[in-house]
Amino acid sequence: MKVLKFGGTSVGSAKNIQQVASILSDYQQSGQRVAVVVSAMSGITNKLIEVGNRAASGDETYKSLLKDIESTHLTCIRELIEVRRQSKTIAFVKLLLNDLEDILRGIFLLKELSLRSLDILQSFGERLSSFIIAEYLTQIGVDAEQLDARYVVRTNAVFGGAKVDFVTTNSAITKHFGETDKMQIVTGFIASSESGETTTLGRGGSDYSAAIFGAALNASEIEIWTDVDGVMTTDPRVVPTAFSLQQLSYEEAMEMSHFGAKVIYPPTLQPAIKKNISLRIRNTFNPSFPGTLVTSKSGQEDWPVKGISSIKDISLVTLSGSGLIGVPGVSSRLFGALARGGVSMILITQASSEHTITFAVAPSDASASKKIIEEEFFNEMASGKVNPVEVENNLSILAIIGENMAHRPGVAAKLFSALGKNGVNIHAIAQGSSELNVSVVIEQKHLYKSLNALHEIFFLSDMAELNVFMLGLGLIGNTLLTQMRDQAEYLLTERNLRLNVVGAANSKKMIFSETGLDISLTKEEILAEGEASNAEQFVEKMIEMNLPNSVFVDCTPGESAVKLYEKILLNSISITTPNKIANSGTLEYYLRCQAAAKRRGVKFLYETNVGAGLPVIGPLQDLRRSGDKIIKIEGILSGTLSYLFNTFAAGMKFSELVKQAKEMGYTEPDPRDDLGGVDVARKILILAREAGYHLEPSDVTVEPILPQACLDAASVDDFFVELEKANSLFEKQRAEAEVEGKALRIVATLDEEGKATVALKAVDSSHPFYGLVGSDNMVVFTSRRYFNEPLVIRGPGAGAEVTAAGVFAEIITIGNFLIN
């Protein structure tokens with residue numbers, strides 16, 4: 006025999022009851038004998054409690070609520086039961102409702118609602134639902150009848166949570182089922198005392214009823230039918246990727262129940278555990294799904310963690326002081342006082358020094374706990390041996406649970422690493438010696454992010470998701486979107502990585518979606534439904550979303566977002582950017598951003614600041630990390646200037662070459678932004694700082710390339726007029742270099758003394774810069790290791806494609822760091 010229990014949602018409407026009946030009809034046709042325990046219709050128990058409270062307070066609106074209860078059940082009957090059979094069913098229900106009305110009238114007159122009366126009131130929910138279900142089953146050909154559990158389940162007379170007399174109960178249940186072959190539709194939650202008074206079994210009572218009947222009947226299995234596909238790896242309302250577990254041990258199920266999993270109520274398990282009866286959690290609305298089996302053994306999965314549970318709202322209470330150290334009986338006094346005060350503790354942790362005892366309670370018990378402790382330790386506090394009680398609110402508990410965690414190194418490390426990389430601070434930690442559960446207390450605002458991050462680490466390690474926020478959809482930003490779109494399938498299939506663009510903005514609009522924006526659309530289509538945007542609003546929204554594994558991509562050219570970098574990093578969000586302003590501005594802000602990234606354990610990557618897609622900063626950092634000392638850095642650091650001087654040859658006018666480069670889009674709209682050497686100065690400053698030199702922008706010397714008249718020109722057109730006048734000057738410099746077997750190059754240099762310069766130089770054929778062609782960049786590192794043969798890095802140093810590719814690579818790097 007099997008015992009099936011259907012909860013309030015499963016029997017909450019006529020349509021749902023028909024679904025339950027279909028499941029039971031299938032059991033009957035298969036020849037499998039079952040006993041069925043049912044709850045009250047969804048919401049009815051709460052209404053019965055409310056109607057009693059209203060009556061006890063003298064509020065006559067209890068009558069209208071009673072009418073609602075009546076209407077719910079009569080409507081259900083009319084939708085389920087054939088007209089010719091309705092009168093009998095309605096008559097019985099009316100009779101029950103009349104009894105309920107009489108009881109409420111007495112409560113109203115006495116202005117009193119005792120626990121005894123409340124138990125009687127609550128019993129009507131199950132009595133009504135079970136009768137209606139039994140009648141409908143009979144109508145469709147299932148040989149069923151209602152069983153009022155008060156006739157067979159005996160308890161003591163402790164109302165509101167009675168204790169079962171299993172000897173008497175088991176005997177009565179066995180006798181009753183031995184005398185009938187009909188399918189029994191049993192009222193869950195209710196029982197009766199030895200004197201025949203109605204009692205209830207407390208919270209989760211219908212599940213408990215199922216376990217009681219299952220144990221008494223030596224059932225092969227107890228099935229708990231609910232509205233989810235079994236026990237999930239974590240809360241699916243918070244973590245969309247949560248999935249059903251095939252099997253749990255009793256111990257795992259109880260741990261998950263204690264820490265927030267609502268599918269199973271712990272006392273339910275006790276009769277089943279004693280008889281070694283398996284439970285199966287199934288979905289009424291997806292009956293073909295096998296659900297989750299709860300038995301004596303954990304499942305065969307190799308996951309170290311079986312589930313992640315949470316309690317959203319708790320308070321942390323701490324007792325501390327030197328007067329606790331080495332004093333016997335302190336814990337006994339503390340917990341004894343709290344027990345006498347009716348305070349239940351959720352989690353307890355104590356420092357090995359015995360200086361501090363911390364425990365978690367429901368927020369409603371926090372004030373009472375503080376008062377109880379202050380009274381118990383009044384003398385110690387008055388003498389200064391014990392500190393004032395500390396209470397922390399707005400906290401949550403996260404618990405990773407699984408029998409496979411035992412003797413398995415690295416599980417806790419994964420937990421703490423995932424939380425740390427996402428900026429989640431841990432307020433308290435608790436772990437039993439069985440290693441079945443590791444619990445941490447965190448700020449409530451980080452619960453969503455933490456659950457998602459941990460679920461990904463422990464259950465989706467073969468598939469990771471990175472949440473990307475993109476600011477700036479100009480040439481580089483739009484190119485990056487295209488590259489991400491083109492590589493999406495490869496990343497999924499080959500790298501098991503999904504880039505989820507959850508926020509995007511240009512200078513006018515911004516849009517966000519936690520489930521991800523559709524990057525197959527054009528940037529105009531993506532932003533079509535967006536709202537007014539600026540950098541500060543975008544960053545505030547990003548921080549407010551508080552998503553796990555987040556990266557901020559700044560593809561803007563200005564400083565509006567740059568001034569927010571420190572704030573972003575301090576909120577544990579990694580950054581990648583081609584924008585060089587942060588790293589070439591004041592030394593103070595550069596160092597603050599570096600410190601913020603280090604403090605929060607996140608990445609601040611900016612390889613594209615210097616070489617676009619060319620790896621320059623990374624190798625420089627690697628040299629320093631490995632103990633090498635940088636002696637000198639030389640660089641051709643502008644693709645534009647590289648193109649101009651690599652192309653400049655005899656017979657060419659320099660002004661015409663610059664004009665052609667501008668028309669081809671190689672230069673800025675005002676070519677002086679390139680020829681003035683400011684961009685190159687920023688790049689050598691960044692390299693100098695990465696090499697360990699604390700330089701300010703003013704410490705970089707830029708030797709003028711252009712005559713002063715060019716720099717002073719009022720407009721771009723005027724600039725070209727003046728530049729044409731200077732053609733002879735540039736030709737003279739080129740010709741002199743050529744005579745000497747040299748070539749002109751704009752060279753940025755950092756010397757051994759930390760002096761940074763940008764100047765037009767003539768280099769001979771022995772120098773690596775001599776053979777440069779096109780718009781290639783080149784950086785030469787001379788170090789202790791690379792002294793006789795400097796380290797040369799050469800390649801394309803400009804262009805949207807290579808710059809976007811460099812940012813893309815850093816996004817992947819950040820993803821690997823956060824998720825692995």
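Here the sequence shown is numbered in the working numbering, starting from 6 and rising by one per residue.
Ideal Cβ positions, reconstructed from N, Cα and C, are used throughout, including at glycine.
For residue i, three-class secondary structure by DSSP
i	result
ALA510	strand
ILE586	helix
MET515	strand
SER327	helix
LYS766	strand
HIS432	strand
VAL391	coil
THR487	helix
ALA418	helix
PRO241	coil
GLU701	coil
ALA617	coil
GLY623	helix
GLN251	coil
THR80	helix
VAL797	strand
PHE609	strand
THR273	helix
VAL191	strand
Residue burial classification, residue i (beta-carbon count within 10 angstroms, cutoff 16)
i	result
PHE129	buried
GLU199	exposed
PRO839	The question about residue 839 has no answer, for the chain in this structure spans 6 to 825.
THR205	buried
TYR495	exposed
ILE316	buried
ILE49	buried
HIS451	buried
GLY13	buried
ASP559	buried
Identified DSSP bridge partners for residue i
i	result
PHE474	GLY508 and PHE557
ASN442	ILE406
THR297	ILE286
GLN830	The question about residue 830 has no answer, for the chain in this structure spans 6 to 825.
LYS7	VAL39 and GLU226
LYS747	ASP769
ILE316	ILE402
GLY640	ALA753 and VAL784
THR361	SER325
ALA469	LEU502
ILE145	Note: ILE145 sits in no beta bridge, so no partner.
Residue from the options whose Cα sits closest to the Cα of residue i
i	options	result
SER401	VAL366, LYS390, ASP370 and ASN409	VAL366
ILE406	GLU448, GLU381, SER314 and SER455	SER314
ASP186	SER374, MET6, ASN821 and ALA666	MET6
LEU716	ALA693, ASP678 and LEU452	ASP678
LYS572	ALA617, ILE586, GLU541 and GLY563	GLU541
ASN430	LEU441, ARG604 and LYS375	ARG604
ILE526	LEU478, ARG500 and LEU497	The amino acid at residue 526 is misidentified as Ile; the sequence shows Leu. Selected option, being the one with the closest Cα: LEU478.
VAL348	LEU79, VAL244 and SER374	SER374
THR231	LEU142, GLY17 and ASP627	GLY17
TYR648	TYR671, GLY632, ALA387 and ARG630	TYR671
THR808	LEU662, ASN782, THR143 and ASN825	ASN782
GLU727	PHE735, SER733 and ALA718	ALA718
ILE203	VAL784, SER538 and ARG155	According to the sequence as given, residue 203 is Thr; it is not Ile. Nearest option by C-alpha distance: ARG155.
Rounded Cβ spacing between residue i and residue j (contact assumed at less than 8 Å)
i	j	result
LEU120	PHE164	4 Å
ILE710	GLY682	6 Å
THR706	ALA655	Wrong, their Cβ atoms sit about 31 Å apart, outside the cutoff.
LEU329	VAL335	5 Å
HIS460	THR238	6 Å
PRO368	SER320	5 Å
VAL191	PHE218	6 Å
PHE609	LEU574	6 Å
ILE447	LEU403	6 Å
SER30	ILE145	6 Å
The ligand SAH heavy atom lying under 7 Å from the CB of residue i
i	result
ALA196	Absence of the ligand SAH is noted for the structure shown, with no ligands found whatsoever.
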